[in-house]
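Visitor: Numbering (my numbering), first residue to last: 5 to 195.
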Ligand code: GRF
């Protein structure tokens, strides 16, 4: 199983995944990192972990359709079996989703279906819910939809600020995502 990580920014989840993979907690080959911005910090992290990394933008590709084609081409050329979204801030096109049925995972920082979208942590905090959390799910054509694989609850206490809540959520993400990726790839190996 060769798997790819797609990200757009900081890449702290990539870091947790790469570390777990190096410690053999995730089977298969962490074959590539792709970012849709050349300045995404995740690319530096990939270089530090000596993982092949690639980047191009929608603009450089000449539009959304060409970008999606180029990305699918990259994944196929690199013989990727499994795709991990880790802070990838675009909705994947239908062609890519159909090329990897039930083989694309995403992590979202809320208890879906509550608080989908770009600001899951802030939206939950502002709403005043007493519990939020983290969701790992298969990706379909919607925004943060698709069958849920795992969720972990994070309570919000009266002392929490947005910053402390963000830190708690990220801590949970960095444990949960590598574990679930490991389990999914293990299952694929035996199927
Ligand atoms: C995470 O909170 C993840 O749940 C969401 O985007 C954020 C990415 O953070 N999808 P990082 O780039 O992995 O640090």
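Each residue gets a CB set at the ideal place from its N, CA and C atoms; glycine is no exception.
Remember, predicted model here, so these are calculated numbers, not experimental data.
If you measure from the CB of residue 156, is any heavy atom of the ligand GRF nearer than 8 Å?
Guide: Here residue 156 refers to the residue found at position 152 when the chain shown is read from its first residue. Checking every heavy atom of the ligand GRF against the Cβ of residue 156, none is found closer than 8 Å.
Visitor: Any idea which residues DSSP pairs residue 109 with across the strands?
Guide: Counting from one through the chain shown, the residue named residue 109 turns up at place 105. According to DSSP, which records beta bridges pairwise, residue 109 is partnered with 88, 142.
Visitor: When you compare the region 110–124 with the region 170–190, are there three or more beta-carbon pairs, one atom per stretch, that lie closer than 8 Å?
Guide: yes
Visitor: Which stretch, first to last residue, makes up the beta strand (DSSP E) that contains residue 123?
Guide: As a working note, residue 123 is residue 119 in the chain shown. Counting along the chain, residue 123 sits inside no beta strand (DSSP E), nor does DSSP assign it H or E at all.
Visitor: If I follow the unbroken alpha helix (DSSP H) through residue 46, where does it start and stop?
Guide: Within the chain shown, numbered from 1, the residue matching residue 46 stands at position 42. In this chain, the alpha helix (DSSP H) harbouring residue 46 covers 45–52.
Visitor: Is residue 40 near the ligand GRF - that is, is its Cβ less than 8 Å away from at least one heavy atom of it?
Guide: Counted from its first residue, the chain shown places residue 40 at position 36. Not so, every heavy atom of the ligand GRF lies at least 8 Å from the Cβ.
Visitor: Just how far apart, CA to CA, sit residue 165 and residue 80?
Guide: Position 161 of the chain shown holds residue 165. Position 76 of the chain shown holds residue 80. Residue 165 and residue 80: Cα-Cα distance of roughly 43 Å.
Visitor: Heavy atom of the ligand GRF less than 8 Å from the Cβ of residue 89, yes or no?
Guide: The residue given as residue 89 occupies position 85 in the chain shown. Because some heavy atom of the ligand GRF lies under 8 Å away, the Cβ of residue 89 counts as near it: yes.
Visitor: State the start and end residues of the unbroken beta strand (DSSP E) segment that holds residue 158.
Guide: Mapped onto the chain shown, residue 158 falls at position 154. Residues 152–159.
Visitor: Report yes if the CB atom of residue 93 is closer than 9 Å to the CB atom of residue 122, and no otherwise.
Guide: To locate residue 93, count along the chain shown from 1; it is residue 89. To locate residue 122, count along the chain shown from 1; it is residue 118. For residue 93 and residue 122, yes; Cβs fall inside 9 Å.
Visitor: Determine the burial state of residue 71: buried for a count of at least 16 other Cβ atoms within 10 Å of its Cβ, exposed for fewer.
Guide: Sequence index remark: in the chain shown, residue 71 carries index 67 (1-based). Its Cβ being crowded by 16 or more others within 10 Å, residue 71 is buried.
Visitor: Out of 192, 39, 182, 9, point me to the one whose CA is closest to residue 20's CA.
Guide: Taking the chain shown and counting its residues from 1, one reaches residue 20 at position 16. For the residues 192, 39, 182, 9, the minimum Cα distance to residue 20 belongs to 182.
Visitor: Answer yes or no: the CB of residue 125 versus the heavy atoms of the ligand GRF, is any distance below 8 Å?
Guide: Mapped onto the chain shown, residue 125 falls at position 121. Checking the Cβ of residue 125 against the ligand GRF gives yes.
Visitor: Evaluate the contact criterion for the region 117–133 versus the region 38–56: three or more CB pairs, one atom per stretch, below 8 Å.
Guide: no
Visitor: Indicate the three-state DSSP secondary structure (helix, strand or coil) for residue 10 in the structure shown.
Guide: One-based indexing of the chain shown puts residue 10 at position 6. Note: residue 10 maps to strand in three-state DSSP.
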